[in-house]
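Peer 1:
Written as structure tokens, this is what we have:
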């Protein structure tokens, strides 16, 4: 098939062009809404950040807000913390979810149902749960005290609002592992088990079979679900705000603080930080997709 | 020493019997076809031999060694499943080299062997393609190459050609037989297609409902089926109730046929439709029966005649297409005594097996 035909779905009678664009036309309502609400918001925020509009906008375009935001010594620390939490939580969720999905592969419908139990629970409820369980005066601390494991609540390790953000990570694992497992379980159940049988019959040990056949065949599910989880955690506000370390703060928390500062002149800086966060998120998604496609090509060479 | 010996092999799936007390012996370098209708337990047997399924009872021995507890990757047995099942995330070359990679063979050697094997299945230059870019026949050839490259002692093919069209199937049959001759590998083919089993194998093991019914050469199974079900499965269409007195076999309409086989009492007799000869003129010899053509169907390679020899007694005769007949024509059917076969009601006994 000539290139143009393949690329554009052109046919000699010209009907291919319509077929090709029909898919995009059908997507228009959803892309329109997203574009208008999200894209419009982004444009407005950008205009505010450069001082073109807004409460303190002088009409003079300047990049002062960005300079101030980037010069803030807390910016880099916050960015590092956000990336750290997102990478660790996504990585651990992915590993645990793959293991769990494989364990539950042959289980009945109850497995999928069990994975859905945590999905409708709001993050705030989860956060309260973590606080009630893991804070120095929480349930576990009290049980340990009653059992004589600790002498006072001061002996209980700090697991919420701690510098290592253990509470934040635990909350994200609790919420994201079932979500990822649900997706991976569906992917895994869609794989014909005969592929694995074939691999074993060609000399693959159970581990080799998992590594060279099952895992690569789950790849698309793993990548898409981990990307969703990473994107969500990276930009999540309420979890690090309520459970995270007080200093450094994650980027979304830093933005919130700047935005709600009594000093209204900090608004443009907060908005500039928001724009930077959005740009970083998009950059990470693009880089991740690129890495994944490259990795896929070189994953299992001869 | 025989290569593969299955003794008393039994497998149940949630109460249903898939394979029951199977005894079978496959000689080194032999091509044996496991033939039977869909769901008769053939694939289950292959999977148990390959080690991806555990038998409930019975033993599997390869080269005199019991391999029941040997994991599949250590059995030196390759299995080719239906439709080839190439790993979609690997290229053709990577698929072929898969078994070698699992055995820890270095990359240079893997590539060299994979390229040589692709040449053997006439797919030179296909190494970098993805399985999705292959036709059904090409995919099946890659699957074959992938199995043979590891030099297995035993190659198991599970309905390898069922998804291919007729022309391609004949081509693939030739290729498989040629590769088998080149490598000398012992071959066990599962198929539900009796024509394929006959063309490809030296011996056929015919199964129904998880049990072996007859293990014989294709000629033997064709000419001397062990029972009526076997005969029907192999394309037999002529069956008669006979009262035998030695070599004199009396048909229900009183006509007497002469057979080479001696028997006394009630039996069922059969003759293959292609062995019946049809004449337009009377000949004075035994086993000539007057008949009327009641149907005449041209198939290209044959002319299939249905002959009425008495009320409620018909005969099918498949003659060369050059012979011309018309419906209503009076003819004489000749049933050669050497081609008349019979069975009593007893089923075939399990094949005798030498204990290794």
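Chains as they are written, first to last, in the numbering used here: chain A, 1 to 302; chain B, 1 to 356.
The beta-carbon is built from N, C-alpha and C at its ideal position, and this holds for glycine as well.
Straight-line CA distance for residue 217 of chain B to residue 224 of chain B?
Peer 2: About 10 Å.
Peer 1: Applying a beta-carbon distance threshold of less than 9 Å, which residues of chain A neighbour residue 203 of chain B?
Peer 2: What residue 203 of chain B touches in chain A: nothing, since even the nearest Cβ is about 23 Å away.
Peer 1: Given that residue 271 of chain B touches chain A, what residues does it touch there, using C-beta distances under 9 Å?
Peer 2: Going along chain A, no residue has its Cβ under 9 Å from residue 271 of chain B, so there is no contact; the nearest lies around 42 Å.
Peer 1: For residue 160 of chain B, count neighbouring Cβ atoms within 10 angstroms of its own Cβ and tell me buried if that reaches 16, exposed if not.
Peer 2: Buried: at least 16 other Cβ atoms inside 10 Å.
Peer 1: When the cut-off is 8 Å and only beta carbons count, does residue 117 of chain B lie next to chain A?
Peer 2: Cβ-Cβ to chain A under 8 Å: no for residue 117 of chain B.
Peer 1: Counting Cβ pairs, one atom from each stretch, are 3 or more of them under 8 Å apart for the region 110–119 of chain B and the region 90–102 of chain B?
Peer 2: The region 110–119 of chain B is in contact with the region 90–102 of chain B.
Peer 1: Pairs of beta-carbons, one from the region 253–266 of chain B and one from the region 275–295 of chain B, closer than 8 Å: are there three or more?
Peer 2: Touching, yes, given that three or more Cβ pairs across the two stretches are closer than 8 Å.
Peer 1: Are the C-beta atoms of residue 301 of chain A and some chain B residue less than 8 Å apart?
Peer 2: With a pLDDT of 42 at residue 301 of chain A, under the threshold of 50, the predicted position of this residue should be treated as unreliable, though the coordinate-derived value follows. Judged by the 8 Å Cβ criterion, residue 301 of chain A is in contact with chain B.
Peer 1: What number of angstroms, rounded off, separates the C-alpha of residue 156 of chain B from the C-alpha of residue 88 of chain B?
Peer 2: Approximately 22 Å between the Cα atoms of the pair.
Peer 1: Looking at the structure shown, is residue 390 of chain B part of a helix, part of a strand, or coil, going by DSSP?
Peer 2: The question about residue 390 of chain B has no answer here: the residues shown for chain B are numbered 1 through 356.
Peer 1: Starting from the beta carbon of residue 195 of chain A, find every residue of chain B whose beta carbon is closer than 7 Å, and list them in chain order.
Peer 2: Those within 7 Å of residue 195 of chain A in chain B are 85, 87.
Peer 1: Return helix, strand or coil for residue 334 of chain B, following the three-state DSSP convention.
Peer 2: If DSSP states are grouped into helix, strand and coil, residue 334 of chain B belongs with the strands.
Peer 1: When you compare the region 129–139 of chain A with the region 38–57 of chain A, are there three or more beta-carbon pairs, one atom per stretch, that lie closer than 8 Å?
Peer 2: Segments in contact, no.
Peer 1: Are the CB atoms of residue 105 of chain A and residue 189 of chain A nearer to each other than 8 Å?
Peer 2: Yes.
Peer 1: Which value, in whole angstroms, describes the spacing of the CA atoms of residue 334 of chain B and residue 192 of chain B?
Peer 2: Using only the alpha carbons, I get a separation of about 32 Å.
Peer 1: My guess is that residue 137 of chain B and residue 86 of chain B are in contact by the Cβ rule of under 8 Å, so how many angstroms apart are they, rounded?
Peer 2: That belief does not hold up - the Cβ atoms of residue 137 of chain B and residue 86 of chain B are roughly 13 Å apart, past 8 Å.
Peer 1: Would you report the Cα separation of residue 276 of chain A and residue 26 of chain A, rounded to the nearest angstrom?
Peer 2: Near 32 Å, if we compare the C-alpha coordinates of residue 26 of chain A and residue 276 of chain A.
Peer 1: Drop a sphere of 10 angstroms on the beta-carbon of residue 128 of chain A, count the other beta-carbons inside from all chains shown, and report buried for 16 or more, exposed for fewer.
Peer 2: Residue 128 of chain A is exposed by the Cβ-count criterion.
Peer 1: Starting from the beta carbon of residue 216 of chain A, find every residue of chain B whose beta carbon is closer than 7 Å, and list them in chain order.
Peer 2: The contacting residues are 89.
Peer 1: Considering only C-alpha positions, which residue in the set A:209, A:171, A:94 is nearest to residue 220 of chain A?
Peer 2: That would be A:94, whose Cα lies nearest to the Cα of residue 220 of chain A.
Peer 1: Any Cβ of chain B within less than 8 Å of the Cβ of residue 211 of chain A?
Peer 2: Not closer than 8 Å to any Cβ of chain B, the Cβ of residue 211 of chain A fails to qualify, so no.
Peer 1: With a threshold of 8 Å, are at least 3 pairs of Cβ atoms found where one atom belongs to the region 34–49 of chain B and the other to the region 272–288 of chain A?
Peer 2: Flag = no, the region 34–49 of chain B and the region 272–288 of chain A do not touch.
Peer 1: Would you decide whether residue 47 of chain B is buried or exposed? Buried here means 16 or more other CB atoms lie within 10 Å of its CB.
Peer 2: Classification for residue 47 of chain B: buried.
Peer 1: Indicate whether the contact test is met: 3 or more Cβ pairs, each with one atom in the region 98–112 of chain A and one in the region 287–296 of chain A, closer than 8 Å.
Peer 2: Contact between the region 98–112 of chain A and the region 287–296 of chain A is absent, because fewer than three Cβ pairs lie under 8 Å.
Peer 1: Taking DSSP's pairing of strands, which residues face residue 24 of chain B in a bridge?
Peer 2: Answer is B:6, bridged to residue 24 of chain B.
Peer 1: Can you list the alpha helix (DSSP H) stretches of 4 or more residues lying completely in the region 52–105 of chain A, in chain order?
Peer 2: The qualifying runs are 64–71, 73–104.
Peer 1: Please report the Cβ distance between residue 226 of chain B and residue 298 of chain B, rounded to the nearest whole angstrom; I am assuming they are in contact, meaning their Cβ atoms lie under 8 Å.
Peer 2: Not confirmed; about 33 Å, so no contact.
Peer 1: Where does residue 303 of chain B sit, in a helix, a strand or coil, going by DSSP?
Peer 2: Note: residue 303 of chain B maps to strand in three-state DSSP.
Peer 1: Please compile the residues from chain A whose C-beta is within a distance smaller than 9 Å of the C-beta of residue 103 of chain B.
Peer 2: Under the 9 Å cutoff, chain A gives 203.
Peer 1: With residue 176 of chain B and residue 144 of chain B assumed to form a contact (beta carbons below 8 Å), what rounded beta-carbon distance in angstroms separates them?
Peer 2: At roughly 7 Å, the Cβ-Cβ gap stays under 8 Å, so residue 176 of chain B and residue 144 of chain B are in contact.
Peer 1: Mind pulling the chain A residues with CB within less than 8 Å of residue 13 of chain B?
Peer 2: Ordered by position in chain A, no residue passes the 8 Å Cβ test against residue 13 of chain B, which lies about 15 Å from the chain.
Peer 1: Who are the Cβ neighbours of residue 161 of chain A in its own chain at under 8 Å, not counting the five residues just before and after it?
Peer 2: Here the set comprises 167, 243, 244, 245, 246.
Peer 1: Starting from the beta carbon of residue 200 of chain A, find every residue of chain B whose beta carbon is closer than 7 Å, and list them in chain order.
Peer 2: Those are 52, 72, 73, listed as they occur along chain B.
Peer 1: Counting only beta-carbon separations shorter than 8 Å, does residue 139 of chain B have a partner in chain A?
Peer 2: No, residue 139 of chain B lies away from the interface with chain A (no Cβ there is under 8 Å from its Cβ).
Peer 1: For residue 214 of chain A and residue 196 of chain A, I'd like the C-alpha separation in whole angstroms.
Peer 2: So the alpha carbons of these two residues sit roughly 7 Å apart.
Peer 1: Interface residues of chain B around residue 208 of chain A at Cβ under 7 Å?
Peer 2: Chain B residues near residue 208 of chain A: 102.
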